[in-house]
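The numbering used here puts the first residue of the sequence shown at 15, with every later residue one more than the last.
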Amino acid sequence: MKKKILSLLLAFSMLAAFVPAVYAETQDANGNYTGMCESYWDSTSQSEISSKAQWTYNPSTDTVTISGTGYASITDMCDIFNVVPMGSVNNNHNMQPVYNFVVEEGITGITIMNFGDLRAITLPDSLTEIGGYSFDRCDISNIIIPDNVTKIYEFAFSDCKSLTNVTIPKSMKTINANAFADSPVKDVIYKGTKAQWQQFPLSNIYSFPKELANANVHCSDGQADPPPAPPHGMYTVSGNSTIFHVPVDVSAMPSSFSMFSVWIWVSDAAGVIKGSNYCWYDIDGCSGTVDLRVPGKLNVGDRVHFTIWPIW
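And the structure:
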């Protein structure tokens, strides 16, 4: 009998060893929670790296602080979402409303997802890149990108309905086309010269954010001229054909891309949008023209608009 009891106790203890901890975060005497950021994939070494960054959540001030060194990653798998109250941001129930976000010195990159409604964002000089969706649906009117940041990824500041002023360092090399999608940016403060600014959009002409291209750009030596738009055009429908042959100069596309997309939309003669569509094409073997697939039924006088970007 004793042997059976000892065997059962041993079995239960072994099972308990394999049960993961539900909460890995800790709480201090002031009610603040702290935990480690997630491990992340390092493209240089092609391996997963354990994070040396940690998060702290202060419920009394509704503030998230990132500290430590290296890259900080927070997605929906992070322990922080055990303690930050669930909420809704712009009718998205998967996002948590947090008012203040502070990234401390030592952090070099961030991917911060599922937070919205941010009223204040503090970024350090050590930061070199801002990952995708990091400050999506924030509620700030102004953001100053630190001087050492060289990359801003997709949707990093998208759908920020109050964001009208952006400061960009001259160190910036790449800004994803959707980095500021649906954010009403009116003024860009660029810390380089007009000549440097003109070269920057030109080197990214197929993927430069239209929100920045359409803004007033204030450089260190005056206001810059607007950059040229990506290749685009418009046809007026004169018959019943739903196919349009469009010339595409693939030689002008960046060499790192293997495919390009065509954004196409149709309006009537009064300008009312009737439909839209994306088309994808291989750059290799492109004959110089593409056949646009037109959404919806066309009538004489309708207008077919298109814009072309490389995508990957």
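The C-beta atom is built at its ideal place from N, Cα and C for all residues, glycine as well.
Counting only residues of its own chain and dropping the five nearest sequence neighbours on each side, G45 has a CB closer than 7 Å to the CB of P73, S74. DSSP, read as helix, strand or coil, puts A209 in helix. Between the beta-carbon of T70 and that of T48 there is about 5 Å, and that keeps the pair under the 8 Å contact cut. The Cβ atoms of C293 and S275 sit closer than 8 Å to each other.
Note that the C-beta distance between G123 and T142 is below 8 Å.
A check of alpha carbon separations from A38 across I88, I94, N156 identifies I94 as the nearest. Cα atoms of N156 and N114: separation of roughly 14 Å, rounded to the nearest angstrom. Contiguous beta strand (DSSP E) elements confined to the stretch 85-153 occur at 114-117, 121-126, 134-136, taking only those with 3 or more residues. Taken through DSSP and simplified to helix, strand or coil, K200 comes out as coil. Taking all protein chains in view, the Cβ of W55 is surrounded by fewer than 16 other Cβ atoms within 10 Å, so the residue is classified as exposed. At the C-beta level, I63 and A86 stay beyond 8 Å of one another.
By DSSP's assignment, I297 forms no beta bridge with any residue. Burial check for M248: the Cβ neighbour count within 10 Å stays below 16, so the residue is exposed. Leaving aside the five residues that flank G236 on each side, the residues in its chain whose CB is nearer than 7 Å to its CB run, in chain order, K208. Closest option to T89, judged by alpha-carbon separation, among S81, M109, P99, T83: M109.
Bridge partners of K165 according to DSSP: E143, T188.
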